[in-house]
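What follows is a single structure, written as C-alpha cells, with notes after it.
Protein chains in written order, with the working numbering: chain X, 3 to 471; chain A, 86 to 170.
Here's what the structure looks like:
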C-alpha cells in the first residue's frame, strides 16, 4: 500500500507541476504585447532521493516548475547604452535640420546665391555697382537703400530664428528634467520592492518594470549603472552625479544661469550641465551650447564685417548733399549680436556717399569702391559671398553627417533590440508547442492517477463482498 | 549591367537585414552583391546618396563588430555580474 500511495503522490506532484507550467505559458502568451515583458521558461526540478537505512528511495518524479525570466543583463545594458547614443544623435539631427531650414537649404540647393541671405548680399553689391553708373539718380540711390534694408532684414530674421531654435532647445531641458525625476523615483521604488521581495534572484515582473524604466530614462539622458546588494541598481549621470541609490532617488533641478537653463544634480546639487552626454538631454545641450552658438557666431561675424566695411567706405566719400559720408548701417560695438541688430540708419537716399573726395557730390568713385567690396576679402580672409558659401557648407555637412550617424545608430539599436527580443520576447509558436507538451504531460499524469486509483480500489476490495470504487 | 539604383537598393536591404539580424536574407544579398560586382555598373552623375548609404553601412558594421566583441568578451570572461545585473 505504501508504494501505491507513493505512486499516487508522484502523480499528484506531476499534475501540480504541469499545471504550474501551463500557467507560465499562459502568462507568457497573455503578456506577449506587454512593453518590457521578459519571457519566462519552466525550470523543471527533480525531487531529491531519500536514503533510509542504506537504501535509496525515490519518493517522487518532479516538483516542477520554477518560472525563470529569460534575461541577459549584458545585452540589456547594451540596448540601454545604444538608446542613449541614438537619442542624442536623433535630437542633434533634428536641431541641425531646423538650422538648415532657416537658411533655406535643402539637399537639392546647389548654390548659396539661391538662399535669401545670399541673394540679398548679391543685390546690395549689384545695386552699388549700378549706382556707380548713375550716381545722381535718386531712384538708383533708393534701390541701394532698399537692398540694404533687405540685407539687414535677412540677417535679423536668420539671427532671430537661430535664437528661437536655441530658446526652444533651452525649454526642452526643463521638460526633460521633469521626466527624468518621475522615472528615477519609479526606479528607486522598484529597487525597494525588489530588495524586499527577491533580494537574491531575478524578480521577474518587477525587474521587467525596472528595466523598462531604465530604458525610458536612457532615452532622456546618459547613464552609468552599477549593481548593488539586494538585487539593487545604482544610477548616475554620465558625469557621475547620483540619480538613484537603493530606494532613494535624487531629483535633478534646473535654474537659469547667464540666460540658459543649467542642470543641477547629485547629493550636493552641483551644476552638471557641462559634462552631460547621451540621451535627448545630451543632444539638446550639444546643439544649444556648441552647434547653434558656432553658427550664430559665424553669422554675426559676416554681418559685422559687411556693416563695418560699408560704413568705413561710405565715410570716405561725399554724399548727395556734398557732406562727408556717415555710417549707413547701425552695428553693436563688437561682432557679438551683430546679425540680430544690424539695421539701416537712414531713409535719405542722398546719405549714400557715391562720390569720392574731390569729385564733387555727383561723382561715382566711392560707389564703385563700395561695389568693389564684393570681391574684397573682408571676413575671415574670404569675400563675403565666399564666407557665406563656406558657412552654408558647414551647416549642410554637419546636417548630412548627423543624418548618416543617426541612421547608423538607429540600425544598431534595432539590431541590439532584435537580439534581446529573440532571447526575451514571447514567441507564440514556441508557446503553442510548450502548451501541447504540458497538456500531454498533464494528461499522462492524470492517467497514472486514474490507474493507481483503480489498483487501490482493487486492492481494498480483495476478498470482500462489498466493493469500493 | 547594373545601375546606381540597383546598388542603392542593395545597400538599403543590407542595412535593413543587418539591423534585424536576418542571416538568410544576408546570404541572399551576399550572392546578389557578388553577381553585381561582376556586372558593369552605369553610374549616374549624382552618386551622393550611394556614398551616404555606404557610409551608414560602414558605421552599422563597425558598431555591430564592437557590440559583438563586447558581448563575447564579457561572456568569455564570465564577469557579467561584476559589470551589470
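Ideal Cβ positions, reconstructed from N, Cα and C, are used throughout, including at glycine.
Mind listing which residues of the region 132 to 144 of chain A have their C-beta closer than 7 angstroms to chain X's C-betas, in chain order? 137, 140, 141 and 144
For residue 100(X) and residue 211(X), the rounded distance between their alpha carbons: The count along the first chain starts at 1 and reaches residue 211(X) at position 209. The count along the first chain starts at 1 and reaches residue 100(X) at position 98. Between residue 211(X) and residue 100(X), the C-alpha separation is close to 36 angstroms.
Exposed or buried, what is residue 143(A) when buried is set at 16 or more other beta-carbons lying within 10 Å of its beta-carbon? The residue given as residue 143(A) occupies position 58 in the second chain. Classification of residue 143(A): exposed, given that the 10 Å Cβ count is below 16.
Return the residue from the list 227(X), 168(X) and 127(X) that minimises the CA-CA distance to residue 79(X). If you number the first chain from 1, residue 79(X) lands on position 77. When each option's Cα is compared against that of residue 79(X), the closest is 227(X).
Could you check the C-alpha separation between residue 354(X) and residue 316(X) for me, to the nearest Å? The sequence position of residue 354(X) within the first chain is 352, counting from 1. The sequence position of residue 316(X) within the first chain is 314, counting from 1. Each residue's alpha carbon lies about 7 angstroms from the other.
Residue environment, residue 6(X), which counts as buried when at least 16 other CB atoms sit within 10 Å: Here residue 6(X) refers to the residue found at position 4 of the first chain. It counts as exposed.
What does residue 80(X) reach in chain A if we use C-beta pairs closer than 8 angstroms? Here the question's residue 80(X) lines up with position 78 in the first chain. Here the neighbours are 152, 155 and 156.
Are any of the Cβ atoms in chain X nearer than 7 angstroms to that of residue 105(A)? Reading the second chain from its first residue, position 20 is the one you call residue 105(A). At least one chain X Cβ lies under 7 angstroms of residue 105(A).
Top-ranked residue by Cα proximity to residue 20(X), from 455(X), 443(X) and 348(X): Position 18 of the first chain holds residue 20(X). Considering only alpha carbons, the answer is 443(X).
Decide yes or no for the touch test of the region 112 to 120 of chain X against the region 250 to 269 of chain X: beta carbon pairs closer than 8 angstroms, at least 3 of them. no
C-alpha distance - residue 417(X) paired with residue 107(A), whole-angstrom precision: The sequence position of residue 417(X) within the first chain is 415, counting from 1. The sequence position of residue 107(A) within the second chain is 22, counting from 1. Whole-angstrom Cα-Cα distance: 10 angstroms.
By the DSSP assignment, the alpha helix (DSSP H) with residue 105(X) in it spans what residues? Here residue 105(X) refers to the residue found at position 103 of the first chain. Neither: residue 105(X) is in no alpha helix (DSSP H) and is coded neither H nor E.
Nearest by alpha-carbon distance to residue 427(X): which of 387(X), 35(X) and 446(X) is it? For this step, residue 427(X) is matched to residue 425 along the first chain. Of 387(X), 35(X) and 446(X), the residue nearest in Cα terms is 35(X).
Provide the residue(s) that pair with residue 458(X) in DSSP beta bridges, ordered along the chain. The residue given as residue 458(X) occupies position 456 in the first chain. Partner(s): none; residue 458(X) has no beta bridge.
For the alpha helix (DSSP H) containing residue 2(X), name the first residue and the last one. Here chain X comprises residues numbered 3 to 471, so residue 2(X) is not present and cannot be evaluated.
Look at residue 351(X) and residue 147(X) and say whether their C-beta atoms are less than 7 angstroms apart. Position 349 of the first chain, counted from the start, is the residue given in the question as residue 351(X). Position 145 of the first chain, counted from the start, is the residue given in the question as residue 147(X). Result yes, Cβ atoms of residue 351(X) and residue 147(X) sit closer than 7 angstroms.
Looking only at its own chain, which residues have a Cβ that is under 6 angstroms from the Cβ of residue 31(X), when we skip the five neighbours before and after it? Position 29 of the first chain, counted from the start, is the residue given in the question as residue 31(X). Result list for residue 31(X): 433, in chain order.
Does the region 308 to 323 of chain X come close enough to the region 188 to 201 of chain X to have 3 or more Cβ pairs within less than 8 angstroms? no
Taking residue 42(X) as the query, report the chain A residues whose CB atoms sit under 7 angstroms from its CB, ordered along the chain. Counting from one through the first chain, the residue named residue 42(X) turns up at place 40. Per Cβ cutoff of 7 angstroms: no residues; residue 42(X) is ~18 angstroms from chain A at best.
Say whether chain X places a C-beta atom closer than 7 angstroms to the C-beta of residue 148(A). Residue numbering aside, residue 148(A) sits at position 63 when the second chain is read from its first letter. At least one chain X Cβ lies under 7 angstroms of residue 148(A).
Under the three-state reduction of DSSP, which class applies to residue 158(X): helix, strand or coil? The count along the first chain starts at 1 and reaches residue 158(X) at position 156. Three-state result, residue 158(X): helix.
Could you spell out where the beta strand (DSSP E) holding residue 48(X) opens and where it closes? Taking the first residue of the first chain as position 1, residue 48(X) is located at position 46. Run containing residue 48(X): 42 to 48, per the beta strand (DSSP E) assignment.
Assigned secondary structure, residue 213(X) (DSSP; H/G/I helix, E/B strand, else coil): Locating residue 213(X) in the first chain gives position 211, counting from the first residue. Residue 213(X) falls in the helix class under three-state DSSP.
Less than 7 angstroms separating the beta-carbons of residue 344(X) and residue 378(X)? Residue 344(X) sits at position 342 when you count from the first residue of the first chain. Residue 378(X) sits at position 376 when you count from the first residue of the first chain. No.
Going by the DSSP bridge assignment, what does residue 493(X) pair with across the sheet? Residue coverage of chain X in this structure runs from 3 to 471, which leaves residue 493(X) outside it and unanswerable.
Run through chain C and tell me which residues come within less than 8 angstroms of residue 77(X), C-beta to C-beta. No chain C is present in this structure, whose protein chains are X and A.
Pick from 105(X), 140(X) and 213(X): whose alpha carbon is nearest that of residue 162(X)? Your numbering for residue 162(X) matches position 160 in the first chain. If we check each option's Cα against that of residue 162(X), 105(X) comes out closest.
Strictly below 7 angstroms CB to CB, what residues from chain A border residue 418(X)? For this step, residue 418(X) is matched to residue 416 along the first chain. Near residue 418(X) (Cβ distances below 7 angstroms), the residues of chain A are 152.
Interface partners of residue 421(X) on chain A, CB under 8 angstroms: Counting from one through the first chain, the residue named residue 421(X) turns up at place 419. Residues of chain A passing the Cβ test: 106.
Answer yes or no: does any C-beta atom of chain A fall closer than 7 angstroms to that of residue 409(X)? Taking the first residue of the first chain as 1, we reach residue 409(X) at position 407. Yes, because at least one Cβ of chain A sits closer than 7 angstroms to the Cβ of residue 409(X).
Of all the CB atoms in chain X, is at least one closer than 7 angstroms to the CB of residue 126(A)? As a working mapping, residue 126(A) is identified with position 41 in the second chain. Cβ-Cβ to chain X under 7 angstroms: no for residue 126(A).
Residue 333(X) - containing beta strand (DSSP E), residue span: Taking the first chain and counting its residues from 1, the one referred to as residue 333(X) is at position 331. That residue, residue 333(X), is in no beta strand (DSSP E); it is neither H nor E in DSSP.
When you compare the CB of residue 392(X) with every CB in chain A, is at least one pair closer than 7 angstroms? As a first step, residue 392(X) must be located in the first chain, where it is residue number 390. Chain A, which has no Cβ nearer than 7 angstroms to the Cβ of residue 392(X), makes this no.
Please classify residue 422(X) as buried or exposed, where buried requires at least 16 neighbouring CB atoms within 10 angstroms. Here residue 422(X) corresponds to residue number 420 of the first chain, with the count starting at 1. Under this definition residue 422(X) is a buried residue.
Who are residue 69(X)'s beta bridge partners in DSSP? Locating residue 69(X) in the first chain gives position 67, where the first residue counts as 1. Answer by DSSP bridge pairing, in chain order: 44(X).
Determine the extent of the beta strand (DSSP E) in which residue 34(X) is found, giving its start and end residues. Locating residue 34(X) in the first chain gives position 32, where the first residue counts as 1. First-last for residue 34(X): undefined, no H or E at that position.
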